[in-house]
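Heads up: the sequence shown begins at 79 in my numbering, then just goes up one per residue. The C-beta atom is built at its ideal place from N, Cα and C for all residues, glycine as well. Encoded as structure tokens, the structure appears first; notes follow it.
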Amino acid sequence: MNNWITRAFLLSIIAVCQTPTTHCNAQQAEANPQLRRVEISQVHMGVPFRIAIFAEDPLQGIYIFQAFQRIKDLNQIFSDYEDESEISQLARSYEVNVPQQTSKTLFDLLQESQKINKRSEGAFDITISPLVKLWREGRKNNTLPSSEARKKALQQVGFSNLKLNKKKQTVTFKQQGMQLDFGGIAKGYAVDEAVRILTEAGFKNVLVEAGGDLRVTGPPLDRESWNIGVAPLDAEAEPSQLLALNNLAVATSGDAFQYLEIDGKRYSHLVDSRTGKAVTTRSSVTIVAPTCTLADGLASAVSVLGPAKGIELIEKYKNVYGFVVYIENNKVKTVASKNWNRLLQVSTKDPASTKD
């Protein structure tokens, strides 16, 4: 790192930590007077990222900026909004049935996505981009995609149209017009990478949050655990359940903000890659897992599968927990995986008002 960059980072940390109106909070931890909480927020991948560590010196917050730089770099790989991202360039340049070289980071997440795709029987699928763009245009114009348009897009979707070569680190596209969409997993991967950087730097009490997805390591020094609220159906509601977590990740998925409503029927921004149709069951899915990558991908899969089949999927994993709040016949219902209650700190309100 260049010296002038280092000085700029240090000055930024000092300025942020001394200004009470910012997102950085440096407060003395009761359990250890030598450690202070340093918290900084930035916007990446279209959502606010919040990182908190406990450090002996606020200047150690420089490691937070290193984590943010990694997140920024990941966006240049996985964003389908960035014309020069790796996946955008790949979509423009690939030839059908010709292996394409990828970065190690992209290939690693391709492999992880393939695993979740297989276990979810196609409910999670990063080849879904043609369908996502079709429904995105529908939300913009307040119209439903035609069956003909969905049928055409479906021909370009499916992991069966991809071939991965681990030894050569290549991906082969079998159809024209394909494009990858990591919107259902990249944010979780970015959270994991930020946690990795901070733990490798020696921090033992870390929180990284990204728009409803988060991962924590050891607890805050004045408490036994991190207390995490569960996501609601109503985005403005308060949480009814609080999770007491250490060394775990949480991801949420739902349609509280992005949906299309036509003739009184609600169509989620989440699309089933197997049918080409948008999800119509209103729900909020919360998944707890060892990594945020896994939690993020499974939250997307469960949203597509629906409450019952989604929880069946979660039960196939070790150390993974799931909770779904949903609407059925105009009534709020919930379903949870086994042992979900062991994660809870309190549960006092109506499940319809849960919030992350």
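Expected contact under 8 Å - CB spacing of residue i and residue j to nearest Å
i: alanine 169; j: glutamine 257; result: 4 Å
i: phenylalanine 156; j: phenylalanine 260; result: 4 Å
i: leucine 232; j: glycine 384; result: The pair is not a contact, with the Cβ atoms about 20 Å apart (cut-off 8 Å).
i: isoleucine 263; j: serine 378; result: 7 Å
i: glutamine 373; j: glycine 266; result: The question names glutamine, but residue 373 is alanine in the sequence shown. That belief holds up - the Cβ atoms of alanine 373 and glycine 266 are roughly 6 Å apart, short of 8 Å.
i: leucine 323; j: valine 403; result: The pair is not a contact, with the Cβ atoms about 19 Å apart (cut-off 8 Å).
i: threonine 180; j: glutamine 247; result: 6 Å
i: tyrosine 399; j: leucine 421; result: 6 Å
Near the ligand FAD: residue i beta-carbon under 8 Å from a heavy atom
i: asparagine 305; result: In terms of ligand content, the structure shown is empty, and the ligand FAD therefore cannot be addressed.
Residue environment, residue i, which counts as buried when at least 16 other CB atoms sit within 10 Å
i: aspartate 350; result: buried
i: proline 126; result: exposed
i: glutamate 134; result: exposed
i: arginine 435; result: Summary: the structure shown does not reach residue 435, with the chain confined to residues 79 through 434, and so no result is reported for it.
i: asparagine 81; result: Residue placement at asparagine 81 is flagged as unreliable, the pLDDT there being 36, under the threshold of 50; the coordinate-derived value follows with that caveat. Label assigned to asparagine 81: exposed.
i: arginine 114; result: buried
i: alanine 327; result: buried
i: alanine 386; result: exposed
i: aspartate 161; result: exposed
Own chain partners of residue i with C-beta closer than 8 Å, once the 5 adjacent residues on each side are dropped
i: glycine 236; result: Gly200, Asp203, Thr205 and Ser351
i: arginine 344; result: Asp333, Tyr337, Leu338, Thr358 and Arg360
i: threonine 277; result: Val284 and Thr295
i: leucine 209; result: Arg228, Ala231, Leu232, Val235, Val349, Ser351 and Gly354
i: tyrosine 159; result: Gly124
i: asparagine 220; result: Leu338 and Ile340
Host alpha helix (DSSP H) of residue i (start-end)
i: threonine 358; result: No alpha helix (DSSP H) holds threonine 358; DSSP gives it neither H nor E.
i: glycine 400; result: It is not in any alpha helix (DSSP H) - glycine 400 instead sits in the beta strand (DSSP E) that spans 399-406.
i: leucine 376; result: 370-383
i: leucine 188; result: 182-197
i: isoleucine 165; result: 164-171
i: lysine 229; result: 225-232
Enclosing beta strand (DSSP E) for residue i [first to last residue]
i: valine 328; result: 326-332
i: aspartate 203; result: Counting along the chain, aspartate 203 falls outside any beta strand (DSSP E), and DSSP gives it neither H nor E.
i: glutamine 319; result: 319-323
i: lysine 265; result: Note, lysine 265: premise wrong, no beta strand (DSSP E); alpha helix (DSSP H) at 264-278.
i: asparagine 153; result: Note, asparagine 153: premise wrong, no beta strand (DSSP E); alpha helix (DSSP H) at 140-156.
i: threonine 412; result: 409-414
i: glycine 307; result: 304-307
i: glutamate 287; result: 284-288
i: lysine 241; result: 240-243
i: serine 351; result: Looking at the DSSP string, serine 351 is not in any beta strand (DSSP E), and its letter there is neither H nor E.
Neighbourhood of residue i by C-beta, 7 Å cutoff - its chain only, sequence neighbours within 5 removed
i: lysine 282; result: Thr295 and Gly296
i: asparagine 419; result: none
i: glutamate 393; result: Ser415 and Lys416
i: glutamine 106; result: Caution applies to glutamine 106, whose pLDDT of 38 falls short of 50 and renders its modelled position unreliable; the model cannot decide the point.
i: glutamine 423; result: Asn305, Leu320, Leu321 and Ala322
i: glutamine 192; result: Phe237 and Leu242
i: serine 224; result: none
i: glycine 216; result: Leu222, Pro223 and Leu338
Contact set for residue i: own chain, Cβ-Cβ below 6 Å, skip 5 residues either direction
i: valine 308; result: Pro317, Gln319, Thr364 and Thr432
i: valine 286; result: Ile129, Val269, Ala272, Val273 and Arg293
i: glycine 255; result: Gln234
i: isoleucine 142; result: Ile118 and Ile129
i: leucine 331; result: One detail in the question is off: residue 331 reads as serine in this sequence, not leucine. Taken in chain order, the residues that qualify are Val363, Ala377, Ser378 and Ser381.
Using 8 Å as the threshold, is the stretch 302-309 in touch with the stretch 237-246, meaning 3 or more CB pairs across them?
Judged by Cβ distances under 8 Å, the stretch 302-309 makes no contact with the stretch 237-246, as fewer than three pairs qualify.
Any chance the stretch 319-339 sits against the stretch 147-154, with 3 or more Cβ pairs inside 8 Å?
Short answer: they don't touch.
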